[in-house]
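Peer 1: In order, the protein sequences belong to chains A and B. Heads up: the first sequence runs through residues 877 to 1152, numbered per my numbering. Heads up: the second sequence runs through residues 877 to 1152, numbered per my numbering.
Number of protein chains: 2
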Amino acid sequence: MATALTDFSKLCIHTMTTKPWDLKQCIKNYSAKGIHGITIWRNVLEGQNLRDARTMLDDYNMEVVSVARGGFFPSVEEKKRQAAMDDNLWAINQAFLVRAPVLVLVCGADGRQPLEKSREQIKEGIIRILPEAKAAGVKLAIEPLHPMYAGDRSAINTLAQANQMAEEINSDFVGVAVDVYHLWWDNNLQQEILRCGKNGNLLAFHVCDWNVPTKDFLNDRGLMGDGCIDVPQIRGWVEDAGFSGYNEVEIFSHKYWATEQKEYLEKIKNAYLKFT
Amino acid sequence: MATALTDFSKLCIHTMTTKPWDLKQCIKNYSAKGIHGITIWRNVLEGQNLRDARTMLDDYNMEVVSVARGGFFPSVEEKKRQAAMDDNLWAINQAFLVRAPVLVLVCGADGRQPLEKSREQIKEGIIRILPEAKAAGVKLAIEPLHPMYAGDRSAINTLAQANQMAEEINSDFVGVAVDVYHLWWDNNLQQEILRCGKNGNLLAFHVCDWNVPTKDFLNDRGLMGDGCIDVPQIRGWVEDAGFSGYNEVEIFSHKYWATEQKEYLEKIKNAYLKFT
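(1) Take H1022 of chain A and list the residues in its own chain whose beta-carbon comes closer than 6 Å to its own, dropping the five residues that flank it on each side.
(2) Would you grab the beta carbon distance between L899 of chain B and T893 of chain B for me? Rounded to a whole angstrom, and I think it's under 8 Å.
(3) Which residues in chain B have a C-beta closer than 7 Å to the C-beta of C1199 of chain A? List them in chain order.
(4) Tell me, please, whether the CB atom of M938 of chain A is closer than 8 Å to any CB atom in chain B?
(5) Tell me whether A929 of chain B sits in a helix, a strand or coil according to DSSP, three-state version.
(6) Inspect the beta-carbon positions of Y1122 of chain A and G913 of chain A and report whether they are closer than 8 Å.
(7) Once you ignore the five residues that flank M877 of chain A on each side, which residues in its own chain have a CB closer than 7 Å to its CB?
(8) So what's C888 of chain A in DSSP terms, helix, strand or just coil?
(9) Of all the beta strand (DSSP E) runs that stay within the bounds of the stretch 1118-1142 of chain B, which reach a length of 3 or more residues?
(10) Got a sec: is the Cβ-Cβ distance from Q1037 of chain A to anything in chain B below 8 Å?
(11) Would you check if there are 3 or more beta carbon pairs closer than 8 Å linking the stretch 939-948 of chain A to the stretch 983-995 of chain A?
(12) Taking only runs that begin and end inside the stretch 985-1065 of chain A, name each unbroken alpha helix (DSSP H) of 4 or more residues, in chain order.
(13) So L926 of chain A contacts chain B; which residues on that side make the cut at Cβ distance below 7 Å?
(14) Run through chain A and tell me which residues come within less than 8 Å of P1023 of chain B, C-beta to C-beta.
(15) How should V1114 of chain B be labelled, buried or exposed, when 16 other C-beta atoms within 10 angstroms of its C-beta is the threshold for buried?
(16) Can you name the residues of chain A whose CB is closer than 9 Å to the CB of W1086 of chain B?
(17) Can you tell me whether E1044 of chain B is buried or exposed? The criterion is at least 16 other CB atoms within 10 Å of its CB, across all chains shown.
(18) Output the distance between the C-alpha atoms of L1070 of chain B and A880 of chain B, rounded to the nearest integer angstrom.
(19) Look up F1151 of chain B in the DSSP assignment and say whether it is helix, strand or coil.
(20) Kindly say whether P896 of chain B, judged by its beta-carbon, lies nearer than 8 Å to any beta-carbon of chain A.
(21) Looking at V980 of chain A: is its Cβ nearer than 8 Å to the Cβ of A929 of chain A?
(22) Cα separation between W939 of chain B and A960 of chain A?
(23) Rounded to the nearest angstrom, how far is the Cβ of C1104 of chain A from that of G1027 of chain B, given a contact under 8 Å?
(24) Take the Cβ of N1033 of chain B as the centre, count every other Cβ of all protein chains shown within 10 Å, and call the residue buried at 16 or more, exposed below.
(25) Pop quiz: A1038 of chain B and I1018 of chain B are said to be a contact at Cβ under 8 Å. What is the actual Cβ separation, rounded to whole angstroms?
(26) Chain B beta carbons: is any one of them nearer than 8 Å to that of L991 of chain A?
(27) Helix, strand or coil: how does DSSP classify E953 of chain A here?
(28) List, in order along the chain, the chain A residues whose C-beta lies closer than 7 Å to that of N1033 of chain B?
(29) By the DSSP assignment, the alpha helix (DSSP H) with W917 of chain B in it spans what residues?
(30) Go ahead and label D1174 of chain A buried or exposed: buried means 16 or more other beta carbons lie within 10 angstroms of its beta carbon, across all protein chains shown.
(31) Taking the CB atoms as reference points, tell me whether A1031 of chain A and R995 of chain A lie closer together than 8 Å.
(32) Put E922 of chain A into one of helix, strand or coil per three-state DSSP.
(33) Between F1093 of chain B and chain E, is any beta-carbon pair separated by less than 8 Å?
(34) Hey, how far is the Cα of S942 of chain B from the Cα of Q1137 of chain A?
(35) Within 10 angstroms of its Cβ, does I998 of chain B collect 16 or more other Cβ (buried), or is it exposed?
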């Protein structure tokens, strides 16, 4: 059984959830609504002085939960794999400068090569950027993505695979992000969440819902309560595994992005208390 | 290593692959192209006298590989579960009348209840229709569907789950259909295919490809060679598991349905020899 959620002290919003807003709007509006956890997507850091960003975050008493996202390691093209290295090092630097303890990794996949090959390149990539992550004090969270993304976005598609990789790399600076959207269907989820926590690898917990039917591969996620995921059940497992961090609301949704974002924040708060 | 495909003696086409055609057109055109395996989707049997259908199949020397599809057992509504029973009994009768040895089951899911509950109802449903299936000499093939369908189309989303259920029911008249589209991403696929064959449960093998990117949840499947699935590798595992039946081409594709279907059949034949 998940603990009751009676306030917003553990609520974190991903800036991508309120995509129409820039970083400043996210910070001001989240803070005004009593939400002090924020996960920053790198698109809102583009063209932004990062020290100014950090000052602004401090002024509004915001805690940066993580930066999203690094990763996309695999490619059949050596040049692209090298470009991914550079990009990941820059992402670690961004996370350091906004004082994010975690960088979320969407690991990547290249449909032109076997999944096993992509997984090797992911592991190699993580190991290569690990020294910089340690130096910056930024943990790397492997996020397993739904199998529907295995062709192009991630060759890590189950929590078992993410656990396995984190355990093999075996570093205090590599762990896993658990997202209900990607993992809810898996009948091994409870045991893999417990394994993840037991090994000290549970770094982040993302929530949203799965719409029935889902119409778009990327941008038709539901707000908690809209769909068929039993979020409280999964949160209970995550808590059983020892996790006491933020519940991060990460919703890509053309539908919600088209609505008034301040009203949407209220909806998120209601859904957080009722369906998370 | 899969055996080389040098002729079309093991090629079967699903009527849904050439959706613009009615049953007669499918039979005539497949046969004219030297293709004698057919899996009949029930939509082309609507309004069709089934004895006439069987005569036509015989006249063109067609072997019915299976009928698609029964299933959709779960619902929170008792009335709907009962309607599914009736529909499945009718599907078994249809399979019997066109002399199909197998009825493929798309098992169903109801997002209003937990996946575990839907799985229970699937198992109960299969057990309830099993006597009629036996009497008709029609085997029931549990088809695990991709996890992206867990909200509304199937609560059986891995080959491990399908194997488990078939083994629990433990009947010569219940087995599994392996479809590369649904299962290609699974890192346990090889071992689960071997398990399936070893237990005598491998009843059918479906092929197509996964487009990168995929744009539609239902009707954007690729022709073998279009996408990222290593079909020959999976066919090799299926053969290693003792399967020697048809390779069934099952492609739902708005793109291909919009093309001239006789030319499309030629493309399928080429893709069959080259990429299957």
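Ideal Cβ placement from N, Cα and C applies to all residues, glycine included.
Peer 2: On the basis of the supplied data:
(1) Excluding residues within five positions, the ones whose Cβ falls inside 6 Å are H1058.
(2) Rounded, the Cβ-Cβ distance is 13 Å, inconsistent with contact.
(3) In the structure as shown, chain A starts at 877 and stops at 1152, and residue 1199 of chain A therefore has no counterpart that could be examined.
(4) When Cβ-Cβ separations below 8 Å define contact, M938 of chain A makes no contact with chain B.
(5) In this structure, A929 of chain B counts as helix in the three-state DSSP scheme.
(6) Going by C-beta atoms, Y1122 of chain A is nearer than 8 Å to G913 of chain A.
(7) Result list for M877 of chain A: G1112, in chain order.
(8) Strand at C888 of chain A.
(9) You should have 1123-1125.
(10) Yes - at least one Cβ of chain B is within 8 Å of the one on Q1037 of chain A.
(11) Yes: the two stretches touch, three or more of their Cβ pairs being nearer than 8 Å.
(12) The stretch 985-1065 of chain A contains these whole alpha helix (DSSP H) runs: 991-1012, 1035-1045 and 1056-1059.
(13) Neighbours of L926 of chain A on chain B: none; closest Cβ ~32 Å, over 7 Å.
(14) Neighbours of P1023 of chain B on chain A, chain order: H1022, P1023, M1024, W1061 and D1062.
(15) Note on V1114 of chain B: 16 or more other CB atoms within 10 angstroms of its CB, so buried under the neighbour-count rule.
(16) For W1086 of chain B, the chain A residues whose C-beta falls within less than 9 Å of its own C-beta are G987, A1026 and G1027, listed in chain order.
(17) E1044 of chain B should be labelled exposed.
(18) Computed Cα separation, rounded: 20 Å.
(19) Three-state DSSP puts F1151 of chain B in a helix.
(20) It does not; no Cβ of chain A falls within 8 Å.
(21) Not a contact, by the Cβ cut-off of 8 Å.
(22) Per the sequence shown, residue 939 of chain B should be read as Glu rather than Trp. Distance between the alpha carbons of E939 of chain B and A960 of chain A is about 52 Å.
(23) That belief holds up - the Cβ atoms of C1104 of chain A and G1027 of chain B are roughly 5 Å apart, short of 8 Å.
(24) Flag for N1033 of chain B reads buried.
(25) The Cβ separation is near 5 Å, so the contact holds.
(26) Chain B places a beta carbon closer than 8 Å to that of L991 of chain A, counting this residue as a contact.
(27) Of the three classes helix, strand and coil, the one that applies to E953 of chain A here is coil, per DSSP.
(28) Within chain A, the residues placing a beta-carbon under 7 Å from that of N1033 of chain B are W1061, ordered along the chain.
(29) It is not in any alpha helix (DSSP H) - W917 of chain B instead sits in the beta strand (DSSP E) that spans G913 to W917.
(30) The requested residue 1174 of chain A is not part of the displayed model; chain A covers only 877 to 1152.
(31) Contact: yes.
(32) Coil.
(33) Absent from the structure: chain E. Protein chains present are A and B.
(34) Across the structure, S942 of chain B and Q1137 of chain A are spaced so that their CA atoms are roughly 51 Å apart.
(35) Under this definition I998 of chain B is a buried residue.
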